[in-house]
Amino acid sequence: MLSKWQWALLNPSLDKKVKEFHQAGYPEIKREDLINYLKNYVWKRQSPTTYLKKLQTIKEVTCNRYFDYLQLQATSCKSRSLEEINIDSLL
């Protein structure tokens with residue numbers, strides 16, 4: 356994937372994107388969240404080959420795309436059946 360120095364070069368763009376999320380009303384979004392989104396979803400099959408393509412990919416991240424990813428993560432994770440959940444511990 357990317358080395359530490361490559362991520363260091365991308366950090367300013369990631370920070371700018373995080374700031375956009377904060378200005379849009381999502382202050383809980385962190386740089387690590389976007390890194391996970393890029394690694395696990397956007398660049399999962401094929402990472403852009405050049406620095407400029409990586410920057411362009413980061414610029415193309417939108418709140419809607421990120422939250423679509425989160426929704427996909429939430430619906431695809433394995434959950435236990437109701438019989439396995441101790442309801443008393445939730446009360």
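When you read off a place in the sequence shown, starting at 1, and then add 355, the result is the number in the working numbering. Note that the Cβ used here is the ideal one computed from N, Cα and C, for glycine as well.
Where does residue i fall in DSSP's three states?
i	result
Glu383	coil
Thr412	helix
Pro367	helix
Lys399	coil
Leu357	coil
Thr404	coil
Thr430	helix
Can you find the residues in the same chain that come closer than 8 Å, C-beta to C-beta, to residue i, ignoring five residues on each side of it along the sequence?
i	result
Leu369	Arg386, Leu389, Ile390, Ile413
Ile384	Val373, Phe376, His377, Tyr421
Val416	Lys372, Leu389, Tyr392, Leu393, Val397
Spatial neighbours of residue i within its chain, please: C-beta separation below 7 Å, excluding the five flanking residues on both sides.
i	result
Tyr421	Tyr392
Val331	No answer is possible for residue 331: it lies beyond the span of the chain, which begins at 356 and ends at 446.
Pro359	Position check: residue 359 holds Lys in this sequence, whereas Pro was assumed. Closer than 7 Å at Cβ, skipping near neighbours: no residue.
Just to check my reading of the structure: residue i and residue j have Cβ atoms closer than 8 Å, yes? What is that Cβ distance to the nearest angstrom?
i	j	result
Lys408	Leu365	With 8 Å as the limit, Lys408 and Leu365 do not qualify as a contact, their Cβ atoms being about 11 Å apart.
Cys418	Ala363	Not a contact, Cβ separation roughly 25 Å.
Go through its chain and collect everything with a Cβ distance to residue i's Cβ below 6 Å, but skip five positions before and after it.
i	result
Tyr406	none
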